[in-house]
Ligand code: AHG
Ligand code: MN
Ligand code: MN
C-alpha cells in the first residue's frame, strides 16, 4: 500500500455511514470509540509482561472463571470509552452479571453495546493471542436507559459486529452489514489502517479444523463421526487430509478461519449440552462477521443469528466458518444417535 493512500478506520466508518442513511452519527461514534478502547487495551496487552498486570485478579466473574487483571483492565477501558458519550442506553459484558447501566449523570442513547472485553484470558500469561468481541444493537423498548428486551435480541438484529485480535499485530475487524473489513494498528501513528478490505472466506477453504480434542470422550456420536470424517474420510466426500489448529482463544481461532477458511467447533457435550461459548457477545457477533464474509455459523441445528437469547450469559454450541463445512457438521449431527 502506498504511504499516501492511507484509509484510517475513522475515515472508513464515516464513508460507510453514508451508505446507511438511517444510521445516525451515534452509531459511527460507537465504532470509533471501540477503536479507541482497542488501542488502549492493545498498549496494555503489549506491555503485559512488563507490568504487574499478569496473573489472576483474584476475583471470579459471573461465569465462575478466575478474572485475570487484563480482563478487568479491558472491561474498564471499554466502559470508560462508552459511559459518557450519550450514544448507549446500556451495555452487556461477559464480566458483569446484569445489564451495565449508563450513569445517571450522563445522557442515554439509542444503542446497546454487548461485548467480551478480553477473550482467551487463559492465554494472557503465556503470551498467546487474545481478543475483544463486540456488537451493536438498536434499542427496541421505550425505556430511556434500556431494558432486558433491548439486550436479548437475536444476532440478525445486530447493526454492527467486530473483534480485535491482539496478536503479532493488533487488528480490528468489523462489519456493518456491508462486507467485512480489517484494520491493522500502526503503533507509530496510533491509527488503525485499512489492511484487509472486503474479507471473504476463501473457497475452496484450507483444510483446517479447530476443536479442543481433549473433550473427545464427551462428544456425541455424530460429533465423533464428523471429526473422523475430516481425518480419514474420502476426498470426494470432502473428508481427509485436514490439519488441526487450536489456539484456545476464540477470536484468534476465528480470525484464522476467516482468512484461511475451515471450521471452528465448540460443541455441546454430555456434560455441557450448551457448550461453553456465550451467544450474546461471542457467537452472535462472530456469526454476523462469518456470514458477511460468505461463511456460516450454527449451533448444530439452527443459524446462530436466528437464535432468540433467553438470558444475558446463555451459552451455545458453536460451529463457525466455511459454509460447506458448517452444513456438513449439521448433517452429521442430525443423523440418529448423534
Ligand atoms: P474467555 O477468555 O472470554 O472466557 O473465552 C475463552 C473461550 C474462548 O476464547 C476459547 O475458544 C475457549 O474459551 C477455549 O475453551 P477450552 O479451554 O475449553 O478449549
Ligand atoms: Mn470469550
Ligand atoms: Mn472474556
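In our numbering, the protein residues as written are 33 to 370. Here a beta-carbon is modelled for each residue, glycine too, at the ideal position from N, C-alpha and C. Every value quoted in this text rests on a predicted model; they were computed, and no experiment measured them.
Do residue j and residue i have their beta-carbon atoms positioned less than 8 Å apart in this structure?
i, j, result
"residue 325", "residue 158", "no"
"residue 226", "residue 191", "no"
"residue 46", "residue 60", "yes"
"residue 222", "residue 51", "no"
"residue 367", "residue 294", "no"
"residue 341", "residue 307", "no"
"residue 291", "residue 336", "no"
"residue 133", "residue 122", "yes"
With DSSP collapsed to three states, give me the class of residue i.
i, result
"residue 33", "The pLDDT assigned to residue 33 is 49, lower than 50, so where the model puts this residue is not dependable, and the model offers no usable value."
"residue 102", "helix"
"residue 218", "strand"
"residue 335", "strand"
"residue 348", "coil"
"residue 138", "coil"
"residue 247", "helix"
"residue 207", "strand"
"residue 41", "helix"
"residue 299", "coil"
"residue 110", "helix"
"residue 274", "coil"
"residue 167", "strand"
"residue 254", "helix"
"residue 328", "strand"
"residue 202", "strand"
"residue 292", "helix"
"residue 365", "helix"
"residue 48", "helix"
"residue 176", "coil"
"residue 310", "strand"
Shortest alpha-carbon distance to residue i belongs to which of the options?
i, options, result
"residue 93", "118, 119, 127", "127"
"residue 238", "271, 347, 209, 207", "271"
"residue 361", "242, 277, 209", "242"
"residue 181", "143, 207, 165", "143"
"residue 313", "186, 233, 357, 228", "186"
"residue 138", "120, 154, 96", "120"
"residue 217", "344, 202, 102", "202"
"residue 154", "69, 280, 234", "280"
"residue 67", "179, 102, 356, 167", "167"
"residue 96", "129, 274, 245", "129"
"residue 165", "105, 215, 79, 145", "145"
"residue 246", "103, 353, 301", "301"
"residue 234", "208, 193, 355, 269", "355"
"residue 73", "161, 57, 98, 49", "161"
"residue 321", "208, 268, 176, 339", "208"
"residue 240", "297, 174, 210", "297"
For my contact list, residue i and residue j are in at a C-beta cut-off of 8 Å; report their separation, rounded to the angstrom.
i, j, result
"residue 310", "residue 346", "7 Å"
"residue 24", "residue 250", "There is simply no residue 24 to check, as the chain begins at 33 and stops at 370 in what is shown."
"residue 358", "residue 351", "5 Å"
"residue 110", "residue 183", "Going by Cβ atoms, the distance from residue 110 to residue 183 rounds to 16 Å, so no, they are not a contact pair."
"residue 283", "residue 163", "3 Å"
"residue 318", "residue 286", "5 Å"
"residue 278", "residue 244", "6 Å"
"residue 299", "residue 265", "Between residue 265 and residue 299 the Cβ distance is about 18 Å, and since that is not below 8 Å, they are no contact."
"residue 140", "residue 177", "5 Å"
Let me see if you follow: with CB-CB separation under 8 Å, is residue i close to chain D or not?
i, result
"residue 326", "You won't find chain D in this structure, because it holds only one protein chain."
For the 8 Å Cβ check, are there 3 or more pairs between the stretch 186 to 203 and the stretch 149 to 163?
The way I'd put it, the stretch 186 to 203 does touch the stretch 149 to 163; three or more beta-carbon pairs between them come closer than 8 Å.
Does the stretch 322 to 340 come close enough to the stretch 111 to 121 to have 3 or more Cβ pairs within less than 8 Å?
no
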